[in-house]
Structures are given as C-alpha cells and as structure tokens.
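Undergrad: The structure is given below, and queries will be raised subsequently.
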Amino acid sequence: MLIAYDAPKYRAGVILALFIMVAAPAALIIYQSFLDAPFFDDGVRFSLDAYRYVLTDSEFYRALGTTTLYAFGIVLIAVPLGGLLAFLITRTDLKGRKWIEPLVLVPMFLSSIVLAFGYTVAIGPTGFITIAFRSVFGIAPWSIYTLPGIILIGGLSHVPNVYLYVASAMRRLPSDLEEAARTAGASVWRVSIDVTLPMVLPALVFAAALNLLLGFETFGIPLVLGDPSGLLVLTTYIYKVNTIFGAPTYQVMAAVTVFLILITLPLVFFQRRLLRHARRFAAVGGKGARTNLLKLGSSGQIVALGVIGLWFLVSVAFPVGGIILRAFVENWGEGVNLLQQFTLANFKAVFEIPSLFRGIANTILLAAVGGGVAVAFYLLVGLAGHRNSGPTGTLLDYSVLVPRALPGLIVGLAFFWLFLFVPFLIPLRTTLLSLLIAYIIVGLSYGLRIIQATLIQVGPELEESARVTGATTFRTWKDVVIPLVRPGLAGAWAMIIIVFLREYATGVYLMSAGTEVIGSLMVSLLTSGAMDHIAALSFISIALTAVGMTLALRFGAKMHD
Amino acid sequence: MLSRRQFLATSGAIAASGAMSALPAWGQSAPAGYTAAYKEIVEKAVKEGVVAIYTSTDDVQGRPLLDAFRAAYPGIRIDYNDLGTNGAYNRVISEAAARQVGSDIVWTSAMDLQMLLVSKGYAEAYKSPEAANLPAWADYKDMLYATSVEPVAIMYNKRAMGSLQPPKTRAELIEFLKANKDALKGKVASFDPEKSGSGFLFFNNDARTTNDTWNLVRAFGATDPKVYGSSGAMREKVASGEHAIAFNLIGSYAIEWARKDANLGVILPPDHAAAFSRVVNISKGAPHPNAARLFLDFMLSKAGQTAMAGSGAPSVRSDVTEGLNIAKLNEMAGGKLKPIPVSEALLESTEPKNRAEFFQKWKQALRG
C-alpha cells in the first residue's frame, strides 16, 4: 500500500472520497430542481417551472416568513438561557452542578418529533398539566399550537446546543479577571455581565449562528404542533409540496431545498469563520487555568437552582413525562381517569409486531456498531484534516458544510436514488449499510467536530518531536496521536450512538422490510396515526438514549469541545 | 384444569383445524372453484418463496391477512413494507426506472395514485379467479382491484360535546357547525386534502358528487378548523377531548376505535354514504409473479376477506360474515352506499389543473 507511507496522498484521497460522498446527493438534488419531471423519467427536460411555482406561491413566502421568525425567535430564547446555564454550571459554585450538567443536555438527545408529541400530551389543550392547572386556576392561558408557542418550545429545546459552546468557552477562561472584580466589590451578576460576558461573546455569537441555522432546518416541532393549524415552515412546506400535486413532485421539493441551501450556506460559512476566531480568542487565556468558582451565596443558590429547576421542568419533565404517560395509557385527556387507563398493551404490540421489533433491534445495531464505524470514519477524515491547511483543507471544510445545509428527509431521498441508480451501490440498497452510509453523512458535521476537538488537544510539540526523531506522519498518528486521543474516541462513540438513536428523517425513504429503524418508523406511523405505538417506541427510544448517555458519561465523554 | 402441555396441544389442534376449515384446500392444490391449472401457479409461487408488498396499511391492521396467508402457504415469506401512499408510489416508479422492480404487490388506499400507476404501465394485468365474486366497480380491467369498502364517517367525543347534540346526517352536520360555531372554536377537525391523499380523495369526491360540500367547508372554516394528515391523528385529538368532533375520516377505523372507547361516537351519515377502497395491483415485472398472483387471489378470496374484515377493513364481498361487509354497510346507509368506483375517473384528480382548481375553492371556502 503506497499511501501508507504517503500522507499527502492519503489526505487527498480521503478528502476527495468524502467530498464525493457529500456532493453526490447535493448535486442530484440541484440537478433535479432544474427538471420538469423525475430525473429518471423518459423524456425529462430542463425547466425552470419548479422555481416558477415556488416563487409565485404565496404559501412559500408565508413559510419563509414563519421560518425566519422561528429561527430568530429560538435564538432569542436559547442563547441567553443557554449562556446563563453555562455560566452557572461552569463559573459558579452552584450546588449539584455535576449531575445537573448531563440533565441540561437531555433535550438535545430527543428527536424533535418525540419532544413535540410529548408536549401535546403534557401541555396541549387537554394535556395533563393543562387540565391540572385549569382545575386549580380555572384557566390555562397558553397554546402550544401558535407561532409563539412553537418558538418557545423550539427555543427551549435548543438550549443544550448553546450550552455546549458557551460552557466550553467559559471553561477555558482564566478566573483572575473575575476574581479581581469580585475583590473590588462587584456582585456575581456584575461580574458575569461586565467581565465574563465580553470574554465569551464570540462563543455566544457562534452559538447564535448555529441555532439560526438549525432554526431554518427545523422540521419535527412545526410538523407536530403547527401543521393542524396550517402553520408551515420551509421543511414542512417541502413535505406538503410532495403531496399537493397528487403524485410526488420531486422538482418542486428540490427547488425548495435549493432555497434552503442558499439561505443556510452563508450562515454555515459565517459560523465557521466565527469558530476560527472564537478558538483563537479563547486560546489567549492559555491552558490549565483552573479557575476559582464564583460564590453564589445562599440566596444566589436558591435563585439559580430555581431558574434551572423551572427550565428543567418545562424543557425536560413536561415532554418526557408526556411521552411516558402516553406510552402507558389507552386514553388521556379531559375527564379521563388515567388510573383506569393504565395498560402495557402498547409495549406488548411493539414486541409482537415484527417490523416494530426489528426496528428496535436495527436501531440498537446501527447506533452501537454503526456508531463505532462512523467514529472510525470520522477519525480517518479528522486525521486527513489534522494540521492540514491548503486546498484540501479548504475542500474538507466545505464538504462538512454540505450535509448541514440539507434537510435529513431530502438527504435520505437522494441517497435512496443513489443506491438505486449507481451500479456498484445497488447491492447495498436494501441492507442496513445504506442507512449507515446516509447516517454517517448526516452526522458528519457533528461527529467530525467532536473528533477534531479531541485531536486538537494533542499538543503540537509531541507530534513535532516525533517528526524530528524521524517518524513519518503515519507513524506519528499511529504511535502518538491515536493513543493519546483514545479516551476521547470512546466518548465520541458514545455521543454518536446517541445522535444515531435520535435520527429519524434520513431513514424514511431508505428503510425496507427488514431494515426498519425506530425514528423513521415513527414518521411512517405518524402518517397512519398509530399514536399508541409511536408513544411506546418513543419511550423505548428515550430509555435507549438514557443507556447511551450513561455509557457516554462512564467513558468520560467530553460534552464540550 | 388442563396441564400446560395439554393446553398447548389442544389449542394447537384447534388452531390447526380452524385454519383448515377456514381455508379449505388452500395450499394443497387449486382451491375449490379454481381451474385445475391453478395448481401450477401455487407450485411456482411456493418455488419463488417470497412475496414483496408495498403498502400504506400499517403492520397492525395488515397482520391478520398476512397470518392467514402464512397459514395457508407456510413456504412463502412475506416482505411487508409500510411506505405510506406517496412512499409506495415513489418507490415503484423509481425502481421501475432503475430496472430493479422490488414489489410484487402494491396495495394502498390512494386510489388515484394506484390508477396512475396502472395508466402509466407500472401494473400487470391478471384476471383473478375471485373477480367474479366482486362488484363490477371493484375491478378495473383486471389491473386494479378493490379489496375493501371503507365508509367516510363523523366521529365525536361524547364528553367533549357537552350539551351539544351530535348531528345524525351530513345535512345536520352543516347546520350543527353553523349554529355552534363559537362553542366549537378549535374543536372541529377533518382530513387535510393538501397533505393527505385520502383527504383529497374524500373531499374531491364529495365536491364532484354533491352540491353541499363547499357549504360544509365554509361552515367548517368558521370554527377555527384543524386539519390532519391521518385518521389516527384525529382519533388522538378527539379521544382526548381536544376536539369535540371530526368529519370525513375513515369510518372503518372509527368504528373500531369506538368499540374500544365508549366515549367515542361514530356516525355514518345516511345522506352521504361515500366509501373508498384499498386497491391492489401486481407490479409490472414483479420479481415473484406467481406469488403475487397467489397473494392477490388470497386477498380477494373469502378467507382473505374474512381476515381483513376481522381487523377493520370491511369486505367488498357480500358473502363474508366477519365484521362488516358491503351489503351490511349499504343497509346501514339506507341502501345509498356510494363506493368510489375503481375507474379512469380517478385520474381526473391527478391532473394538476383540476387539483389547483380544487385547492383554490378549498381555501376560499375555508376562509368563509
């Protein structure tokens, strides 16, 4: 193997392969958007009709407007709240912060469809919280089916993303400035506003850009909570143009996706620039500045724990409680005595129906084994990009952007076609491998980020000394870098397990009899409306995620980069 | 008290004899009434060993049919893919274009998409020996067969209705919505024709066959309406009391739900007794053509229809006694049951121009 001794060729090879893997589905979608029929149709022709349709459809503009409001709305909620939680947990002596931290991340690991459905059961018009509240206060003055309601729920569910970034920036800050301010008599809040905040501003801006991006791609929450009232966002609009013509109209779906790419790509670009600056900025603090924590005082503790408790109640306890409740009852709602409705039938059904049972088994396999394969792949890519600047480095950067800018549903459809029409991929189509490949691409930006963050922690001087003593790049990776990052890899694996457990959109078009997965089964059950089984599957999925999360913590997963 | 072993032996024997009596001669040779040559199809099908089904009927509802087929032909594996109506259509046309046909049987409730597949040449003609037992409207040129008759219904939550009296006919429904539009704000649901093929089929059929449909949509529109992509989603919201009443949902489902939940009421409006069917065809170039024929015949046979009717899809045959059948439904509708025929007329609703027109009217009426 020549490349084993030739790092530049290895780099170019891996990065090119990755580029082809991510560019193929994107190119197919863009190509499809300029056609007048499915790309595989006989007599298909180039046409701008799809764009004409979209650009003259008032619903598109309404969906675009709603999406924009949603994206900025969730930023306004998630960024301050996530920043506050990060500050309390990383910079203060908040009681119990060790076990609060993993809980803060919980909403991130639930698919948004599950979250939204849980909210319906908890605080929908006939949710159990709503009914209890109404019986005490006579009125329950909220509606989760309105745009503000959806924005609030979306914002709360995005808090963990902000938390991850801001907490990691805060951890890297030295505490001497804060201490100086404290000594000079400033209150904890003064310190946080005047000293800590300016220092983590780049991380906050970065988190804001990331959430803006996620906001434009949101699907599950608006699908479950907004659809019945006709509240559309761009991704649910795509869903709708798939049915409104009677037969699926791929060119229109593709055209909307192209608009989504046009909106999100600059955001991703901007975000990456910020990331570079944020890293540089935080590095100024130097490493190992183990900080002294700000003392909250007893009233501060109470306020802080109160805020966190309230956030936890609304963001985690409500939706998860809703799912658990629904999984164990036949009926719920106004005037229903829940105790009389207790049942295990929903779980019995899940284990008796072959496709649902297979879905659980496949999901575990795909998450655990597939997650390991994915981490190995991300490591190969990560090494190719490690300390690599120049054109292949830039190509890598951009390859990672592409899947971020595409909705999972569309990536799944594009992969379905690739596996159907690209000759050497055909044998894989009806196997779990097709799902694994698509999952790896969808999880790319996330997984690679974890790996890159782990790799960057290896001090360059260690690699340099290896090189000076005559080791090849490969030898250096094999004997220095990989052994050092091994604990980080275990953590990354556990995190990818959780990400793959949560995934739902990608498998919708790809799964066949025998290759069902929980997330996508839930989407297809949503169309037939079998809520009993969706709830039981969601419960199982949450339980699996809890196991994954426990493993992640056991392996010492870094929740931050 | 039976011992465990005795119990197993006895129940096994009962199950076996039950299967035998319900399925005379199936699996052995040509079923009664079939030509002697049918034996060959059975043999070839068993040799093919697999039948792949693309469907929109979920596993739970489909299972009794599959179990009955398995009992009759234990040697044939069933690959059952619940892909939804659009998913099934997408997969059929994509696979055909890639010359990798994966489906033997396509069985969905999207009557119009199924007819589109037939008209575009994705289906294989096959004259089922069971065709003679179906009504004429249920068999389109031996290419597309109706396997069920499922009425369009109104469902309501008795508790959430409070003092309101549920309407008994469609005409009453319109009056009911108009008279109680304030009390019903946010409490009325229906199918979303924009997001659901079934929803479109029902409303479009209504609009073409009646003259009160747009009145109904207007009355609905005044109640801050909620629309859903599936009957199951409506069930969840009606059963929980979030909505008091839903109309134009799949009645065969609603009847099943009401059987389990005494708080739900179902109305099959006698003045508007539309019904749709799950329709089936054999894919052109099916990888297991004989297994496909065998399965299709089984679906339409008395045994297959009995299994389906038992899980809530009323039989298209009047000689099936399990659950509901077309004759009983017609009786319930005062002799006015109007199943949507399996015919080329279904293609009208796939014409973009017709659809655009329908949606324009829909939106206008919804706005009031």
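So the sequences go chain by chain: A and B.
Numbering-wise (the working numbering), the first sequence opens with residue 1 and increments by one.
Numbering-wise (the working numbering), the second sequence opens with residue 562 and increments by one.
Glycine included, each C-beta is placed from N, C-alpha and C at the ideal position.
#1: With distances taken between CB atoms, is the gap from L489/A to T454/A smaller than 9 Å?
#2: Measure the beta-carbon distance from L103/A to V316/A and round it to whole angstroms, keeping in mind my assumption that it falls under 8 Å.
#3: R720/B versus chain A: which residues are under 8 Å apart at the beta carbon?
#4: Going by DSSP, name the residue or residues bridged to Y706/B.
#5: Would you mind stating whether I129/A and G333/A have Cβ atoms separated by less than 9 Å?
#6: Could you give the distance in angstroms between the alpha-carbon of V162/A and the alpha-carbon of G82/A?
#7: Apart from the five residues just before and just after Y51/A, which ones in its own chain have a Cβ nearer than 6 Å to its Cβ?
#8: Check the Cβ-Cβ distances between R796/B and every residue of chain A, and say whether any is below 9 Å.
#9: Mapping the DSSP letters down to three states, classify K899/B as helix, strand or coil.
#10: For a quick check, are the C-beta atoms of A671/B and S792/B less than 9 Å apart?
#11: Cβ of L644/B less than 9 Å from any chain A Cβ?
#12: Applying the criterion that 16 or more other CB atoms from any shown protein chain within 10 Å of the CB defines a buried residue, is L418/A buried or exposed?
#13: Does the distance from the C-beta atom of L810/B to that of M722/B stay below 9 Å?
#14: Which chain A residues sit within Cβ distance under 9 Å of Y641/B?
#15: At a Cβ cut of 8 Å, what residues of the stretch 16-44 of chain A count as close to chain B, listed as they run along the chain?
#16: Do the stretch 672-683 of chain B and the stretch 856-863 of chain B make contact, defined as three or more Cβ pairs closer than 8 Å?
#17: How about V710/B and F763/B: do their beta carbons lie closer than 9 Å?
#18: Give the residues of chain B in contact with P601/A, contact being defined as C-beta atoms less than 7 Å apart.
#19: Quick check on A289/A: does DSSP put it in helix, strand or coil?
#20: Going by DSSP, name the residue or residues bridged to E892/B.
#21: My parser needs the beta strand (DSSP E) runs of 3 or more residues fully inside the stretch 454-538 of chain A; what are they?
#22: Please list the terminal residues of the continuous alpha helix (DSSP H) segment that includes D767/B.
#23: For A750/B, which option in I89/A, E217/A, G390/A and D227/A has the closest C-alpha, if you only look at C-alpha atoms?
#24: Can you find at least 3 beta carbon pairs, one from the stretch 186-204 of chain A and one from the stretch 97-112 of chain A, that sit closer than 8 Å?
#25: Identify, in the order they occur along the chain, each residue of the same chain with its Cβ nearer than 8 Å to the Cβ of D753/B, setting aside the five sequence neighbours on each side.
#26: Are there three or more Cβ pairs, one per stretch, closer than 8 Å when the stretch 651-669 of chain B is compared with the stretch 830-837 of chain B?
#27: Between which two residues does the beta strand (DSSP E) carrying F808/B extend?
#28: Verify the CB distance criterion: does Y650/B have a CB-CB separation below 9 Å to chain A?
#29: With a 10 Å radius around its C-beta and 16 neighbouring C-beta atoms as the bar for buried, classify K842/B as buried or exposed.
#30: Suppose you measure from the CA of D41/A to the CA of A414/A; what does that come to, to the nearest Å?
#31: Compare the C-alpha of P354/A against each of T90/A, V200/A, T550/A and H533/A and name the closest.
#32: Alpha carbon to alpha carbon, what distance is there between F318/A and P310/A?
#33: For chain A, is any of its Cβ atoms less than 9 Å away from the one on L725/B?
#34: Tell me, please, whether the CB atom of N647/B is closer than 9 Å to any CB atom in chain A?
#35: Is A167/A closer than 9 Å to T90/A when the C-beta atoms are compared?
#36: Can you grab the Cα-Cα spacing for the pair I3/A / I20/A, in whole Å?
TA: Straight from the coordinates:
#1: yes
#2: 7 Å
#3: E334 and G335
#4: DSSP lists D700/B and V841/B as partners of Y706/B.
#5: Not closer than 9 Å, so no.
#6: Their Cα atoms are separated by approximately 5 Å.
#7: A255
#8: yes
#9: strand
#10: no
#11: yes
#12: With 16 or more other Cβ atoms from the protein chains shown falling within 10 Å of its own Cβ, L418/A counts as buried.
#13: no
#14: P354, S355 and A513
#15: Listed by position along the chain: P38, F40 and D41.
#16: With the cut-off at 8 Å, the stretch 672-683 of chain B and the stretch 856-863 of chain B do not touch.
#17: no
#18: The displayed coordinates of chain A run from 1 to 561. Any statement about residue 601/A would go beyond what the structure contains.
#19: Confidence at A289/A is low in this model, with a pLDDT of 49, below 50, so the placement of that residue should be treated as unreliable; the coordinate-derived value is given next. Coil at A289/A, not helix or strand.
#20: According to DSSP, which records beta bridges pairwise, E892/B is partnered with nothing at all.
#21: Within the stretch 454-538 of chain A, no complete beta strand (DSSP E) run reaches 3 residues.
#22: G758 to T770
#23: D227/A
#24: No, the stretch 186-204 of chain A does not touch the stretch 97-112 of chain A.
#25: G760, V788, Y789 and G790
#26: no
#27: I806 to I811
#28: Chain A contact via Cβ: present.
#29: Before going on, a small fix: residue 842/B reads as Asn here, not Lys. Burial call: buried.
#30: 16 Å
#31: Nearest neighbour of P354/A by Cα position, chosen from T90/A, V200/A, T550/A and H533/A, turns out to be H533/A.
#32: A quick correction: the sequence has Leu, not Pro, at residue 310/A. Cα to Cα, the separation comes out at about 11 Å.
#33: no
#34: Taking Cβ atoms only, chain A reaches closer than 9 Å to N647/B, which makes this a yes.
#35: yes
#36: Since pLDDT at I3/A reaches only 39, below the 50 mark, its modelled position is unreliable, and the value read off the structure follows with that caveat. Answer to the nearest angstrom: the Cα atoms are 19 Å apart.
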